[in-house]
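Shown next, in structure tokens, is the structure this report addresses.
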Amino acid sequence: MQNSSGFEKSECRSNIVAFLLLLSLAVVVRFPFFFKYSFNWDENTFILMGQSILDGNLPYIELWDNKPPLAFVPFAFLSWLFGKTIIGIRIGAAVLVAVTAYITLQTGKHFWGKPTGILAAVFCVLFYSYGFGSQNLLPEIIASVPLMGAVAIGVTGKRDTKSYFIIGLLISLATLVTMSLAYLSVGMGIFFMVQAVRGKESPVRPISMYILGGLIPIVLVSLPYVINGYSQILFDSLVTAPWQYSNSKRSALSSLLYMLGKGFENENGVLWLGFLGGVGVNVIYWKSYSRSHKQGLIFMTTFFLATIFSIINSGGGFSHYLIHLTGFLALIAGQFYVYLSRHISRLAVAVILIYSLINSTSAWQSKKRSLYVHYVKLADRLKNNLPLSSGTGYELGVYLRQENPEKEPMYLMDFHIAHWFTDTKSLTRIVTHPSNIQREFLLKVVRRNPQASVASEMTELLGKKPRFIVRKKEIYYLRNRHEARKMLDETLQADYSLVKVIGKAHVYKRNDMPNRSHTP
Numbered sequence: 000m001q002n003s004s005g006f007e008k009s010e011c012r013s014n015i016v017a018f019l020l021l022l023s024l025a026v027v028v029r030f031p032f033f034f035k036y037s038f039n040w041d042e043n044t045f046i047l048m049g050q051s052i053l054d055g056n057l058p059y060i061e062l063w064d065n066k067p068p069l070a071f072v073p074f075a076f077l078s079w080l081f082g083k084t085i086i087g088i089r090i091g092a093a094v095l096v097a098v099t100a101y102i103t104l105q106t107g108k109h110f111w112g113k114p115t116g117i118l119a120a121v122f123c124v125l126f127y128s129y130g131f132g133s134q135n136l137l138p139e140i141i142a143s144v145p146l147m148g149a150v151a152i153g154v155t156g157k158r159d160t161k162s163y164f165i166i167g168l169l170i171s172l173a174t175l176v177t178m179s180l181a182y183l184s185v186g187m188g189i190f191f192m193v194q195a196v197r198g199k200e201s202p203v204r205p206i207s208m209y210i211l212g213g214l215i216p217i218v219l220v221s222l223p224y225v226i227n228g229y230s231q232i233l234f235d236s237l238v239t240a241p242w243q244y245s246n247s248k249r250s251a252l253s254s255l256l257y258m259l260g261k262g263f264e265n266e267n268g269v270l271w272l273g274f275l276g277g278v279g280v281n282v283i284y285w286k287s288y289s290r291s292h293k294q295g296l297i298f299m300t301t302f303f304l305a306t307i308f309s310i311i312n313s314g315g316g317f318s319h320y321l322i323h324l325t326g327f328l329a330l331i332a333g334q335f336y337v338y339l340s341r342h343i344s345r346l347a348v349a350v351i352l353i354y355s356l357i358n359s360t361s362a363w364q365s366k367k368r369s370l371y372v373h374y375v376k377l378a379d380r381l382k383n384n385l386p387l388s389s390g391t392g393y394e395l396g397v398y399l400r401q402e403n404p405e406k407e408p409m410y411l412m413d414f415h416i417a418h419w420f421t422d423t424k425s426l427t428r429i430v431t432h433p434s435n436i437q438r439e440f441l442l443k444v445v446r447r448n449p450q451a452s453v454a455s456e457m458t459e460l461l462g463k464k465p466r467f468i469v470r471k472k473e474i475y476y477l478r479n480r481h482e483a484r485k486m487l488d489e490t491l492q493a494d495y496s497l498v499k500v501i502g503k504a505h506v507y508k509r510n511d512m513p514n515r516s517h518t519p
């Protein structure tokens, strides 16, 4: 009994150490990116949505964005925990990456052995942080925790009703973070049904538990809306808008080609090559695998393919959707490189991996995201006694806080993170993310008005007479919206003056408003 207890304590300690090491690695490879206000302006929108939750509002009621409600909850929690600081958001991202890597470590260790688990976990940290533009906190990073948790249970756990229930629960949680996984739950439900029938078992019990697990998060998320009479708003935001969005974008095939094309542009060769090699190794050795090992691989493969099917049918096919696949790629790649080290040369494989990973984090064509370049920039700022947090978003926030202490309405057509720094709100729900104004199908859903248009939304925005309008010189999302663009230009010319240029942000102030400083 004492030996068993000692073993459990030792195992617990080793697990804690493993997680802390992965967290430390995540912090090291993500630290230079803790201070930049934005790598992807979607993150700024999620921060605003999270702040709205902290202010006591349900998602979609005060502010709106085309993401499921659980995407915003971590941002609310991190804002509550750390305050209004981008650093806090990025710390949260590092922790989530470490948690996902730890789950991958345990999965790989159980399935292929400790070396594979360790290498797969390292791949996870590096490529969740680097591979597909994920230096900031995105829903794909958040969803990776329940997503890989479901994989771990399906691969390592028993096929009992409890496992089906938990897998359904985790997939549902992931889907309520990003609707690009909406088809995954259906795909895995079909898989479980086929597996039961092939095993000459009744599919009723496993499918019932799987569905029950999936329904619980949906019911819990829906209850506050039902109680407060917002059921239609939730349905429009969670079902109608994503459906319209997916139909307005690329076809499944073009999404797949676009997404993979963008993915291969990044320095991810070591991951892709390892994955393809691992697939080959599993095909060659398939007949020698045990029945349980085959079942685990079949589950993982089905989950992987169902995830791909789901994200390419979500319409966008953006390269950051590949974050959903990183855990799978890491596991198979880890298996492949361990196989090579055992059958060819450990030293040669180690040299190849080290070189490839260094190259992937300091690629010349991605200097904006290069780990080396950003560490050099941080060192320079420290050397010159400059603040580590810098950039247009921060400077704009300071300027607007000084010039608009009454917190009068502002229209931020870009750099909308300044709303967070100035305790202000977007003029209308739809422009919580500024570019949503170009999507008339979203305007019609959010406004619940089939006549809603970009021009009508711009009319309302300008009709509110915002004290400040902030824009870039060129507004790409209004490029083909000539009426709205003309309306904006004419209003700026007639009623506003350019009072400040901060980086690429052009700040216009309404002419009938007094100046509060002598800043040119």
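First residue of the sequence shown: 0, per numbering that gives the first Met the number 0; consecutive thereafter. Even glycine gets a Cβ: it sits at the ideal position worked out from N, Cα and C.
Backbone CA spacing between residue 518 and residue 505 [nearest angstrom]: Residue confidence for residue 518 is low, a pLDDT of 42 falling below 50, so the modelled location carries little weight; the figure read from the coordinates is stated next. Counting only the Cα atoms, residue 505 lies some 14 Å from residue 518.
Beta-carbon spacing of residue 153, residue 298 below 9 Å: yes
Stretch-stretch touch, CB-based, cutoff 8 Å, three pairs: the stretch 383 to 390 with the stretch 16 to 36: yes
Sequence-distant residues of the same chain with beta carbon closer than 6 Å to residue 364, five excluded per side: For residue 364, the predicted model reports a pLDDT of 44, less than 50, meaning its position is unreliable; a value from the coordinates is still stated below. Contacts found: none.
Residue 183 and residue 308 closer than 9 Å at C-beta: yes
Closest residue to residue 75 among 85, 51 and 66 (Cα-Cα distance): 51
9 Å Cβ cutoff met for residue 416 and residue 43: Result yes, Cβ atoms of residue 416 and residue 43 sit closer than 9 Å.
Own chain residues within Cβ distance below 7 Å of residue 84, not counting five before or after: none
Three-state secondary structure assigned by DSSP to residue 349: In this structure, residue 349 counts as helix in the three-state DSSP scheme.
Span separating the alpha-carbon of residue 454 from that of residue 336: Going from the Cα of residue 454 to the Cα of residue 336 covers about 56 Å.
Distance between residue 237 and residue 229 (C-alpha atoms, nearest Å): 12 Å
Rounded straight-line distance, which links the Cα of residue 69 to that of residue 88: 16 Å
For residue 428, three-class secondary structure by DSSP: helix
Start-to-end residues for the beta strand (DSSP E) that takes in residue 496: 495 to 501
Distance between residue 198 and residue 46 (C-alpha atoms, nearest Å): 47 Å
Run of the alpha helix (DSSP H) containing residue 506, from where it starts to where it stops: Where residue 506 is concerned, there is no enclosing alpha helix (DSSP H), although the beta strand (DSSP E) around it starts and stops at 504 to 509.
Presumed contact (8 Å Cβ cut-off) between residue 270 and residue 126, rounded CB distance: Approximately 5 Å separates the beta-carbon atoms of residue 270 and residue 126; this is inside 8 Å, confirming the contact.
Contacts around residue 56, its chain only, beta-carbon distance under 8 Å, and the 5 residues preceding and following it disregarded: 62
Endpoints, the beta strand (DSSP E) within which residue 469 is located: Per DSSP, the continuous beta strand (DSSP E) segment holding residue 469 begins and ends at 467 to 470.
N- and C-terminal bounds of the beta strand (DSSP E) containing residue 410: 409 to 411
C-beta contact flag for residue 507 and residue 470 at 9 Å: Against a cut-off of 9 Å, the Cβ pair of residue 470 and residue 507 comes out as a contact.
Buried or exposed by the 16-neighbour rule on C-beta atoms within 10 Å, applied to residue 163: buried
Reduced DSSP secondary structure (H/G/I, E/B, other) of residue 76: Look at residue 76 here: in three-state DSSP terms it is helix.
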